[in-house]
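These notes are about the structure you will find just below.
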Amino acid sequence: MIFMLAVIIRVLSNSCATIENLHGLDKKIFARVSSKKSFSLFLSLSIRQKMAKNIRYTVAMIVCIVCCLCIITTKSANILAILPTPSYSHQIPYQILWTTLSQRGHKVVVITTDPINDPSLKNLTEVNLQSSYYLMRNLKLIGDDGAIPWFNILRGQIWQVSQDLASMIYEHPEVQKLYVPDSDEKFDVVIIETFTLPSLYPLAYRFNAPLIGLLSLGIASSQYYIYGAPVLPSHPSSWEMEKDVTLNLSFWQRLKNFIRQWYHIYCVFNHFYPQHQALAEKYLGKYLGKDIPHIYDIERNMSVIFHNQEEVITYARPKTTNIIPFTGLHISKKPARLPKNLERFLMNAPDGFIYLSLGTNVRLSVAEHMIDIFRNVLANLPCKVLWKIDMQLSNKPDNIYISNWFPQQSILAHPKLRLFVYQGGLQSTEEAVYYAIPLLGIPMFADQFVQVNKMVSLGVARQLDYLNISEKSLNASIMDMLNDNRYKERMLKIKALIRDKPYDQLNNTIWWIEFVIRHKGAPHLQSSIAHYPWYQRYDMDIIAFLSIVIFVALLCGLIVVYNVVKIIFNCYAKTKKEKIN
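Numbered by mature numbering (1 follows the signal peptide of the UniProt record, and there is no 0), the letters in the sequence shown go through residues -18 to -1, 1 to 563 in order.
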């Protein structure tokens, strides 16, 4: 590096000297031209001026190279990324990270259920876990009487699936090649999705590398507790509470949320984490011994945690310094063209069209009572409709185009789109804001309720209850939004607010990853509160002590008052008795 800089400086000095000599020679030529009017001297002058100009360009390029060499200080690193959740919405937000990191010269190994499969990315190696999607087939997210509470889904279904998924990952031959003792693999940082597989955290300990957390939705309250941030059971940012959180709750509603939230946190730390600790020791213990740190401590010491939460379209809340938000990384700046059959369908849509998609995690065929309602309402609309549905429709109206898949971003970017009817997914919300499309939300489970509520509060959406939806309510909501331009105007303001940042979202996220690599972690960003016991975090011991002191003082005061009154009463009774006698 020093030798290269010395050579460049030498070239710069020689170039500058050459330019000075040429300038001196130009002056002599000008003098001769003025006296002899020679055409050949004019030609000589022109050639030399071009030579000087070319040298200036060369010097400018060399200066740029020097600046780049001075700025770029992060050398090529080895990065292990684990994205284990078999859900497309948990994979797509991060894919641009792996492509960008590999293009910057880093060697990236990604364990994922949805590989990019781009042979041009020579520095990117992908371990395919697509077969794990079968574990999600038996998940029941919607019951006969409505959405199943998220805590029940977690404790009753997802926790078991997460154990099976962790075992599948540890037993995968390509993964085993990474962590067995005779492996030559070394990593400078390990990045893991922190959704429901804490048993994978000890892989960072195995490679003696800093750990970065990644999440495609809001952080759970149990994780906020681990990181040292406050737990807020009744605040809308606690998305796990679903429909039970709003900005104005009664005392009894808050009491109910308090009990539910803290009971769940108790279950996480006393049932879920011990199960995954046992899994980590089962697969890594025979290589690392029984001194594997507890996964709770590993998670508490994460360098940084990226979570997909843009403050404008989510509920702001207090959090620790090492929690870094990002948004819209998956959004394409230039969406692909629509397929020709879709183009032909939309060309004949003078009144525009509506796009209806209820996401990938909930099949509409499960919500059978909604199908007839949607079909009857959509058939009578003055515009055309694209409907993403996983089944064939009988008696399909001519103005409706159905498919089990659509290029969503290309559709949202279409100038004729007027309304997006969706389930409240975070990535879909980000895309709708980016393309400034008003929203009609029909949330069904998890964070969808909180997300739609937030968009409604911003004045860019309306919400319908999935259980109580009717043809009348659906038609009224759609027609209101189609005829009211204020939804579009407010969405444009939200879009401008999100984009008004002093940094690029992708570059900022990459910078933080490379920051952790350069400094081998970021412990200075972690909150010391994470190491406090629960009662000390909220000064519960002080509150309890003062409460006891106040109670004792009041009790003593009451005793004193009682005795004083008793003495006065006795004296009065004795005096009265003496007067009678």
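C-beta: ideal position from N, C-alpha, C; glycine also. Quick caveat: nothing in here was measured; it's all calculated off a predicted structure.
Do you know whose CA, among the options, lies nearest residue i's CA?
{"i": "Lys225", "options": "Gln85, Leu261, Ala129, Ala298", "result": "Ala129"}
{"i": "Lys264", "options": "Tyr152, Leu540, Asn435, Tyr116", "result": "Tyr152"}
{"i": "Ala428", "options": "Leu136, Thr107, Pro97", "result": "Leu136"}
{"i": "Trp141", "options": "Ser181, Tyr416, Gln487, Val534", "result": "Ser181"}
{"i": "Leu338", "options": "Ser71, Phe356, Pro321", "result": "Phe356"}
{"i": "Lys477", "options": "Ser455, Asp447, Gly441, Ser452", "result": "Gly441"}
Could you have a look at residue i and say whether DSSP puts it in helix, strand or coil?
{"i": "Leu320", "result": "coil"}
{"i": "Lys225", "result": "helix"}
{"i": "Ala191", "result": "coil"}
{"i": "Leu399", "result": "strand"}
{"i": "Phe288", "result": "strand"}
{"i": "Lys548", "result": "helix"}
{"i": "Glu293", "result": "coil"}
{"i": "Ser339", "result": "strand"}
{"i": "Val359", "result": "helix"}
{"i": "Tyr162", "result": "The identity of residue 162 in the sequence shown is Val, whereas the question assumes Tyr. Val162 falls in the coil class under three-state DSSP."}
{"i": "Ser510", "result": "helix"}
{"i": "Gly539", "result": "helix"}
{"i": "Asn330", "result": "coil"}
{"i": "Thr107", "result": "strand"}
{"i": "Ile98", "result": "coil"}
{"i": "Pro307", "result": "strand"}
{"i": "Ala42", "result": "A caution first: Ala42 carries a pLDDT of 47, below 50, which makes its placement in the model too unreliable to give a value."}
With burial defined as no fewer than 16 other Cβ atoms inside 10 Å of the residue's Cβ, what is the status of residue i: buried or exposed?
{"i": "Gly195", "result": "buried"}
{"i": "Trp132", "result": "buried"}
{"i": "Ala555", "result": "exposed"}
{"i": "Ile29", "result": "With a pLDDT of only 47 at Ile29, under the threshold of 50, the placement of this residue in the model should not be trusted; the figure read from the coordinates follows. So Ile29 ends up on the exposed side."}
{"i": "Ser314", "result": "exposed"}
{"i": "Val171", "result": "buried"}
Along the chain, where does the beta strand (DSSP E) containing residue i start, and where does it finish?
{"i": "residue 607", "result": "The chain is shown from -18 up to 563; residue 607 falls before or after that span and cannot be answered."}
{"i": "Leu136", "result": "From DSSP, Leu136 is part of no beta strand (DSSP E); its letter is neither H nor E."}
{"i": "Gln445", "result": "443 to 445"}
{"i": "Gly267", "result": "Per DSSP, Gly267 belongs to no beta strand (DSSP E); it is in the alpha helix (DSSP H), 255 to 270."}
{"i": "Lys89", "result": "89 to 94"}
{"i": "Ala63", "result": "60 to 65"}
{"i": "Glu175", "result": "171 to 175"}
How about residue i and residue j: are their beta carbons less than 7 angstroms apart?
{"i": "Thr302", "j": "Ala211", "result": "yes"}
{"i": "Ser459", "j": "Leu401", "result": "no"}
{"i": "Thr176", "j": "Leu193", "result": "no"}
{"i": "Leu111", "j": "Trp80", "result": "no"}
{"i": "Arg62", "j": "Phe169", "result": "The question names Arg, but residue 62 in the sequence shown is Leu. Yes."}
{"i": "Val432", "j": "Pro218", "result": "yes"}
{"i": "Phe254", "j": "Gln487", "result": "no"}
{"i": "Ser204", "j": "Val250", "result": "yes"}
{"i": "Lys378", "j": "Ala331", "result": "no"}
{"i": "Asp146", "j": "Leu117", "result": "yes"}
{"i": "Tyr207", "j": "Ile277", "result": "no"}
{"i": "Ile201", "j": "Ile64", "result": "no"}
{"i": "Gln405", "j": "Met426", "result": "yes"}
{"i": "Ala512", "j": "Arg299", "result": "no"}
{"i": "Val90", "j": "Ser285", "result": "no"}
Can you confirm whether residue i, when its beta carbon is compared against all beta carbons of chain B, has any partner nearer than 7 angstroms?
{"i": "Thr176", "result": "Protein chains in the displayed structure number just one, and chain B is not present."}
Just to confirm the assignment, what range does the alpha helix (DSSP H) spanning residue i have?
{"i": "Lys370", "result": "No alpha helix (DSSP H) contains Lys370, which is instead part of the beta strand (DSSP E) from 366 to 370."}
{"i": "Glu413", "result": "408 to 416"}
{"i": "Leu422", "result": "Taken as a continuous stretch (DSSP letters only), Leu422 belongs to no alpha helix (DSSP H), being part of the beta strand (DSSP E) at 421 to 423."}
{"i": "Ala458", "result": "453 to 465"}
{"i": "Tyr278", "result": "277 to 282"}
{"i": "Val498", "result": "487 to 501"}
{"i": "Leu474", "result": "468 to 481"}
{"i": "Tyr383", "result": "Tyr383 -> not in any alpha helix (DSSP H); beta strand (DSSP E) instead, spanning 382 to 385."}
{"i": "Ile247", "result": "233 to 249"}
{"i": "Gln391", "result": "390 to 394"}
{"i": "Thr82", "result": "77 to 85"}
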